[in-house]
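Input: a single structure, listed below in structure tokens.
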Amino acid sequence: MMQADVVVIGSGIAGLSFALKAAKYGTVALITKKSRPDSSTNYAQGGIAAVFADDDSPALHMEDTLVAGAGLCHPDAVDVLVREGPERVRELIELGVAFTRAGEDLSLGLEGGHSRRRIVRADDLTGREIERALLAAAAETGNVRVFENHQAVDLLTATDPGTLGERCCGVLVLDAETGELLPFLARAVMLATGGCGQVYRHTTNPAIATGDGVAMAYRAGAKVANMEFIQFHPTALYPARDRTFLISEAVRGEGAVLRRSDGTPFMQDYHPLASLAPRDVVARAIDREMKESGDAFVLLDCSGIAEHEIRERFPNILRETAERGIDMLREPLPVVPAAHYLCGGVLTDTDGRTSVPGLYAAGETACTGVHGANRLASNSLLEAVVFAHRAAARLGPQLSVTRPLTPEHVHAPAGTAEVDAAFLTEERESIRNLMWDLVGIVRSDARLAEAELRLRAISLKVNAVWADCRPTDDLVELRNLVQTALLIVRCALRRKESRGLNYNLDNPYKDNEHSLRDTIVVR
């Protein structure tokens, strides 16, 4: 058995920032199933929202967040986010994150849903720059040991003699290179595994975003909330490659306009803010325009942005589009919506604690209540550092007085057969296609019921293979993928209204009388 004071699962901004701070109190084992920089953080283009401008305030940031969240944000969590956010950004600067500046001041961008310029960024590769600095800092501390190519399989629990309740005491881990299953025991576990975009056919997420944290937490008995709220990024570049390339919302913030194939703008028909409307409005509008016209995409016209501003502000987007044969300086970009961000997740309090003692969650894996029914642009990186900091501050002083526990039983898969690679590929694609077709931007009760029926059938097949075969990283991901998809459908079926990112043709209006609350499910 491997042992540490704390096990962190995931190497994005939430996992790394938590690990750095928890390391001040004890030893940290950081489990990451791929290489260290392979996370959604690394692909975040837009930036990190925080109050730095003279004409801005935490109250304004809070108001914008609450409006985007469509009535479901937890005000206490949003208050924590906007008040503590600037200090966390300053800490990133102290770690060496090179944010873009205008002279001595931070260069602040504007994105959809924000009433002020408050997007702190590193050109259009903010996530990559933050990841670089955090990885460098983690390498310098002697208390963080990173286990690459290790896949978390299931959480381990044991009866706490002090409370006689179950407490999380570690995680069962698959060494992807050797195939060995290793129990990692710890006084506490932090889930920071990112999102679940791979549940859908089109996604901006990396291949590792398979809902692992949510699925493991659910199997361990933790409360999961608001899984129906999947944010689709409105402007992913068409056609997609292996991983859809997103066109940052900041491009519209700087003046780009969405147009039909004939060149006419259309967002003013859907929202007073036109192309700067919240993401859920923009994604549904594009979806409707594509269905009505039969076009495979709409156009994002960047001609309203000066050429020198595009070169300075969006060099990565300019380079990536050029590699695909598109000159964004001279022609509009073809774009489509793609699954981008999970606003729900493992339910936590404002200190990162889940409903299972000893288990914490942060970042996209967690449902802190900040995002409500729709995430405000660039609040995600901020949420990760703010609540990871609070979790470490809460957990750290308790480590020395927390008794390490040993699980009574480690339920490791005992199958010996070789898993059929074709089966894994076929079932993964079946899940992604049916979720895209039946549980996408616009839903209906009948489509959701059909999706649940088909997913349950896939789940039975996956569980049978899980029982018979030696686990592989792909099989672990498939098991988590189908579990996460079922949780999305289950939550969507429970919400009998349309709010934020959950739009249902059979229930097209908000129901504040009966539905102004979180959708919480537990095993």
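Start counting the sequence shown at 23; every next residue gets the next number (this note's numbering).
All C-beta atoms in this analysis are idealised placements derived from N, C-alpha and C, irrespective of residue type, glycine included.
Spatial distance of residue i from residue j (CA atoms)
i: R476; j: T225; result: 21 Å
i: S466; j: V498; result: 30 Å
i: S283; j: L321; result: 6 Å
i: R492; j: P108; result: 47 Å
i: L130; j: A296; result: 21 Å
i: N227; j: C218; result: 8 Å
i: A399; j: A272; result: 9 Å
i: L157; j: L38; result: 7 Å
i: T428; j: A413; result: 23 Å
i: R154; j: A318; result: 36 Å
i: Y240; j: A41; result: 23 Å
i: A410; j: L128; result: 24 Å
i: T122; j: G32; result: 27 Å
i: G437; j: T49; result: 33 Å
i: G316; j: A307; result: 14 Å
i: Y292; j: L523; result: 15 Å
i: T148; j: E440; result: 42 Å
i: L186; j: I453; result: 39 Å
i: N526; j: S377; result: 30 Å
i: R143; j: A471; result: 42 Å
i: D490; j: A214; result: 29 Å
i: L82; j: L132; result: 14 Å
i: A45; j: D533; result: 46 Å
i: L204; j: I348; result: 48 Å
i: R512; j: S402; result: 24 Å
Where residue i falls, given that 16 or more other Cβ within 10 Å makes a residue buried
i: P359; result: buried
i: H433; result: exposed
i: D309; result: buried
i: V3; result: It is not possible to answer for residue 3, since the shown part of the chain is limited to 23 through 545.
i: M546; result: Because the chain is modelled from 23 through 545, residue 546 falls outside the range shown and cannot be assessed.
i: H330; result: exposed
i: N455; result: exposed
i: H136; result: buried
i: E106; result: buried
i: H536; result: exposed
i: R112; result: exposed
i: N423; result: According to the sequence as given, residue 423 is Val; it is not Asn. Answer is exposed; the Cβ neighbour count stays below 16.
i: L531; result: Checking the sequence, you will find Tyr at residue 531 rather than Leu. It is exposed - the Cβ of Y531 has fewer than 16 other Cβ atoms within 10 Å.
i: G216; result: buried
i: D77; result: exposed
i: R346; result: exposed
i: E276; result: buried
Spatially closest choice to residue i from the options, by CA coordinates
i: D176; options: D495, L527 and R517; result: D495
i: L500; options: V484, E151 and E405; result: V484
i: K245; options: L280, T370 and E271; result: T370
i: E430; options: A120, L42, G192 and G37; result: G192
i: Q253; options: P261, G125, A305 and L156; result: A305
i: I141; options: G69, A444, P183 and V111; result: G69
i: R478; options: A507, R469, H536 and I463; result: A507
i: R281; options: E353, V28 and V423; result: E353
i: D86; options: T541, G437, R397 and D540; result: R397
i: D540; options: P261, T424 and H393; result: H393
i: T447; options: R223, E133, G134 and G275; result: R223
i: A242; options: V368, V102 and E199; result: V368
i: N165; options: S79, V29, C365 and V487; result: V29
i: D98; options: P80, R110, R517 and L470; result: P80
i: P356; options: H362, T343 and Y363; result: T343
i: A26; options: R110, R209 and N534; result: R209
i: V195; options: V119, A51 and K518; result: A51
i: P256; options: M312, E151, A443 and H172; result: M312
i: L381; options: E116, L178 and A159; result: L178
i: E519; options: E449, E250 and R333; result: E250
i: A229; options: K56, R416 and R425; result: K56
i: A406; options: I510, Y47, L114 and V89; result: L114
i: A247; options: H172, A278 and G366; result: G366
i: H172; options: E202, L421 and A514; result: E202
i: P435; options: L404, C95 and A486; result: A486
Presumed contact (8 Å Cβ cut-off) between residue i and residue j, rounded CB distance
i: P419; j: D145; result: That belief does not hold up - the Cβ atoms of P419 and D145 are roughly 39 Å apart, past 8 Å.
i: V211; j: C190; result: 5 Å
i: G91; j: A395; result: 6 Å
i: L482; j: A473; result: With a Cβ gap of about 15 Å, L482 and A473 do not count as contacting.
i: C324; j: M350; result: 5 Å
i: I53; j: F206; result: 7 Å
i: T387; j: V236; result: 6 Å
i: R521; j: G93; result: 7 Å
Within-7 Å CB hit, residue i to chain D
i: L523; result: Given the protein chain composition of this structure (a single chain), no chain D is represented.
Sequence ranges, beta strand (DSSP E) only - wholly within the region 243-310, length at least 3: 252-259 and 279-281
Beta strand (DSSP E) runs wholly inside the region 304-351, at least 3 long, in chain order: 320-323
Ranges of the alpha helix (DSSP H) found wholly within the region 130-218, counting only runs of at least 4: 148-162
Unbroken stretches of the alpha helix (DSSP H), 4 residues or longer, contained in the region 343-424: 401-417
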